[in-house]
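Data block below; observations after.
6 protein chains.
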Amino acid sequence: MENNERYEKGIHAMEELFSEEVRTGMRHIQKISPDFWDMIVSSGFGDLYARNTLTMEQREYITLTTLITQGAFDQLGVHVQAALNIGMSQEEIIEIIIHCSGYVGFPKAIQAMGIAGEIFKNHDDASRKD
Amino acid sequence: MENNERYEKGIHAMEELFSEEVRTGMRHIQKISPDFWDMIVSSGFGDLYARNTLTMEQREYITLTTLITQGAFDQLGVHVQAALNIGMSQEEIIEIIIHCSGYVGFPKAIQAMGIAGEIFKNHDDASRKD
Amino acid sequence: MENNERYEKGIHAMEELFSEEVRTGMRHIQKISPDFWDMIVSSGFGDLYARNTLTMEQREYITLTTLITQGAFDQLGVHVQAALNIGMSQEEIIEIIIHCSGYVGFPKAIQAMGIAGEIFKNHDDASRKD
Amino acid sequence: MENNERYEKGIHAMEELFSEEVRTGMRHIQKISPDFWDMIVSSGFGDLYARNTLTMEQREYITLTTLITQGAFDQLGVHVQAALNIGMSQEEIIEIIIHCSGYVGFPKAIQAMGIAGEIFKNHDDASRKD
Amino acid sequence: MENNERYEKGIHAMEELFSEEVRTGMRHIQKISPDFWDMIVSSGFGDLYARNTLTMEQREYITLTTLITQGAFDQLGVHVQAALNIGMSQEEIIEIIIHCSGYVGFPKAIQAMGIAGEIFKNHDDASRKD
Amino acid sequence: MENNERYEKGIHAMEELFSEEVRTGMRHIQKISPDFWDMIVSSGFGDLYARNTLTMEQREYITLTTLITQGAFDQLGVHVQAALNIGMSQEEIIEIIIHCSGYVGFPKAIQAMGIAGEIFKNHDDASRKD
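Residue numbers (full-length UniProt numbering), protein chains in the order written: chain A, 1 to 130; chain B, 1 to 130; chain C, 1 to 130; chain D, 1 to 130; chain E, 1 to 130; chain F, 1 to 130.
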């Protein structure tokens, strides 16, 4: 697999996960370091999300859990959105956070639930407008 | 829901996940602190694994991911076994670790893969004997 | 102990620790997930803070330390307030952070001290108004 | 305060906390790096444990909690011993771990309880011989 | 070495690393706890940055890496500035973050790159004004 | 750059860092998951260590620091060896750990120093035999 192919697969995975607005926001990294941007797309998305064996939904189970566990709350919002975009329900996302609470403790789970609640609200507002 | 019911549900979930040998090993905690044992069973298993919305398999996706992310390698082995016990394949578990590598870095992912490899080997040996 | 009793004990512990304003703020979690709210109250407060053996003050020593160590700075503020509410002094809280610095490193200890300083200032301002 | 005084205070605090056997074991660090040893004694013990405001027991509440939270299980054993040495009870140490479980999750709390159990057993055996 | 000498060395190291504006900002800690401020200066800077064996630049390699790894993003900005102040290039700092990405995962590396990008921009703007 | 080229660069970097014995040991991962092995070599070593801008020694500064900070002590030993292999001195490695102590706290720094001491001893013994 050529590097170009890895990059294309990464871009494709990102289009499936993120809205155009989110993807445009992510591009600010490309201006700081084009090399790092290539790695994010090719390694972070092309090498991981474009693999078989697991569905996109199963991959978001893993991604949401690892972000909550490591306290990476800055990235949690866009992946809650991504989970909704690929068809996961709010109940499922809430349940992931509840299951996490026993493994990471309440402080991180509460912070995650607050962030998810914000995304849900914006999502519901946007749906209502449609 | 009475406390007794939460405890019973927890024991039931543990029976689904762990072999008798593993469950007997876990009981050493009960000798140190009966109260803490009750909490592990009632809160850690009864309140979490016995809930609806997610399947046992989906819960193990979350559990394996959070253990890898927080470097709780002491507990990872029994949950790799649990994942196999409830019908997850070795390929799926490997894929969870691979997906994690982009989110937690290679050192933790490599350590997790080594532990999974050990469990797979014992599992294959045990199957061969049957 | 019935679930209802665990919940009541949790609410009671929260009333001892947090001002009405803080408790009202926490209720936004209840709107996102009533089940998770029940767990926070029953398990997080009822099962832990309402136990014997340790005083409320000793429990806040543990809570403040674990929040600083895991970098859960979003929750640190309300527990610094809680510590003051149950009668701990500013000197004691400062000393906990200083002791932590040798165990978690300066970056987390400095961030904790800044947060504590903010709470102290608001607290002193409120006292002055009385 | 001269450096020498900080070092002396640190040695004094270590004598209060650790058995001679434990202190001799710690000295292997001195052979690898005498400078680092000086820092451990002067900064880690002299500057922290020898301060006023908190008792030795209160300091062990903080130390045990931060070690459990950061998963520093290699050092947890000697501090469980230290806690017993300065007069804390097994019930108190168990209760610290139980309180931590809600803040750090079950995996780390279970590992901590297992380590504490080992130390308690050795301690009880030693007491019985006396 | 007397305490006073350790403090002086720490102040000297801080002057080499941080702008006057940054150092003034740090002084808010001194108002909350003069003792903790002394420790930060004497132990955090005097005992560490003023040692031989490593250059200031090598020490910033370590500092930037540990801040990224532990997710101490609040402090990362001032140390990116410090790295530029002692003559490190933007390319070097970007490369440190890229190298980290394989060890800590993409979420923390992406957040670090965003923070570095902000500092670079302010730095370039300030240079242009000169 | 084709994937094959990334893999070759990774193998080359690994040969520069690790002894044949260490590299053979690492190959057990390849038996568990050939895909993950390819990623470790191509992404973990080819994409990172084979880049320009930083020297091998500067990359080991970063690697040692991130391993100490995240408590990845299982991997620390081989990277202390790698640091010695590429010409870093024991004094330099000790100094990296000392600098880390102020940022990650004493427990992790002490554990790192103990591991480094073991590697130094084996290294000195091996040198003496030559």
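Built from N, CA and C at the ideal position, the CB exists for glycine as well. As the structure is a prediction and not an experimental result, all values here were calculated from the model.
Query raised in the report: Between D/Gly105 and A/Gly117, which are expected to be in contact by the criterion C-beta below 8 Å, what is the C-beta distance as a whole number of angstroms?
Result: Not a contact, Cβ separation roughly 21 Å.
Query raised in the report: Taking just the CA atoms, how far does E/Ile97 sit from E/Met113?
Result: Cα-Cα distance, rounded: 7 Å.
Query raised in the report: Mind checking if E/Phe36 is an interface residue toward chain C, Cβ cutoff 8 Å exclusive?
Result: yes
Query raised in the report: Under 8 Å between the Cβ atoms of D/Thr53 and C/Thr69?
Result: no
Query raised in the report: If you run the structure through DSSP and keep just helix, strand and coil, what is F/Ala109?
Result: helix
Requested in this report: Helix, strand or coil for B/Leu76, going by three-state DSSP, please let me know.
Outcome: helix
Query raised in the report: What in chain C is Cβ-close to A/Gly71, meaning under 8 Å?
Result: Within chain C, the residues whose beta carbon sits less than 8 Å from that of A/Gly71 are Gln70, Gly71 and Ala72, listed in sequence order.
Report task. Count the other CB atoms, across all protein chains shown, that sit within 10 Å of the CB of D/Pro107; report buried if there are 16 or more and exposed otherwise. Result -> buried
**Report entry** Under 8 Å between C-beta atoms of B/Ile115 and B/Gly77
**Finding:** The Cβ atoms of B/Ile115 and B/Gly77 lie closer than 8 Å to each other.
Report task. Note down, in chain order, every chain D residue with its Cβ under 9 Å from the Cβ of A/Tyr103. Result -> Gly105, Phe106 and Pro107, listed in chain order.
Query raised in the report: When the distance is taken between beta carbons, is B/Gly102 closer than 8 Å to A/Leu48?
Result: yes
Query raised in the report: How long is the line joining the alpha carbons of residue 182 of chain C and B/Val41, rounded to whole angstroms?
Result: The requested residue 182 of chain C is not part of the displayed model; chain C covers only 1 to 130.
Report task. Name the two residues that bound the continuous alpha helix (DSSP H) containing E/Ser42. Result -> Neither: E/Ser42 is in no alpha helix (DSSP H) and is coded neither H nor E.
Requested in this report: Using the Cα positions of B/Gln90 and E/Glu57, report the straight-line distance between them to the nearest angstrom.
Outcome: 46 Å
Requested in this report: Give the interface partners of D/Ala116 over in chain B, defined as CB-CB distance under 8 Å, in chain order.
Outcome: For D/Ala116, the neighbours in chain B by C-beta distance under 8 Å run, in chain order, Ile32.
Requested in this report: Over the uninterrupted alpha helix (DSSP H) stretch that includes D/Gly25, give me the two end residues.
Outcome: In this chain, the alpha helix (DSSP H) harbouring D/Gly25 covers Glu20 to Met26.
Report task. State buried or exposed for D/Arg128, treating a residue as buried only when at least 16 other CB atoms are found within 10 Å of its CB. Result -> A residue is called buried once 16 or more other Cβ atoms fall within 10 Å of its Cβ, and D/Arg128, having fewer, is exposed.
Report task. Using a Cβ cut-off of 8 Å (strictly closer), state whether C/Met39 contacts chain B. Result -> yes
Requested in this report: Consult DSSP for F/Gln70 and reduce its assignment to one of helix, strand or coil.
Outcome: coil
Query - Start and end residues, alpha helix (DSSP H) containing E/Gly102 - result: Gln90 to Val104
Query raised in the report: From the beta carbon of F/Ser43, is the nearest beta carbon of chain A less than 8 Å away?
Result: yes
Requested in this report: Taking only the alpha-carbon atoms, compute the straight-line gap between B/His13 and B/Ala50 and give it to the nearest angstrom.
Outcome: Sequence check: residue 13 of chain B is Ala here, not His. When rounded, the distance between both Cα atoms is 6 Å.
**Report entry** Classification of A/Ser33 by the beta-carbon crowding that lies within 10 angstroms, buried from 16 upward
**Finding:** Buried, because 16 or more other Cβ atoms sit within 10 Å of the Cβ of A/Ser33.
Report task. Note down, in chain order, each residue of its chain lying with its Cβ closer than 8 Å to the Cβ of B/Arg59, except the 5 sequence neighbours on either side. Result -> Leu48 and Tyr49
Report task. In angstroms with no decimal places, state the Cα-to-Cα distance between E/Met39 and E/Lys9. Result -> 12 Å
Query raised in the report: Is the Cβ of C/Gln58 closer than 8 Å to any Cβ of chain E?
Result: no
Query - Residue from F/Ala109, F/Ile110 and F/Leu64 whose Cα sits closest to the Cα of E/His99 - result: F/Leu64
Report task. Assign D/Tyr7 to one of three DSSP states: helix, strand, or coil. Result -> helix
Report task. Give the secondary structure of A/Tyr61 by DSSP, where H, G and I count as helix, E and B as strand, and everything else as coil. Result -> helix
Requested in this report: Name, please, each residue of chain B whose Cβ falls closer than 7 Å to the Cβ of A/Ile62.
Outcome: At a beta-carbon threshold of 7 Å, the residues of chain B lying near A/Ile62 are Tyr61, Thr65, Ile96, His99 and Cys100, ordered along the chain.
Requested in this report: Flag residue 140 of chain B as yes if its beta-carbon sits less than 8 Å from any beta-carbon of chain A, otherwise no.
Outcome: Because residue 140 of chain B is not part of the residues shown, which for chain B are 1 to 130, the question remains open.
Query raised in the report: What does E/Glu91 reach in chain F if we use C-beta pairs closer than 7 Å?
Result: Thr53, listed in chain order.
Requested in this report: Please confirm whether A/Ile62 and B/Tyr7 have their CB atoms less than 8 Å apart.
Outcome: no
**Report entry** Proximity of B/Asp74 and D/Gln111 at Cβ, strictly below 8 Å
**Finding:** yes
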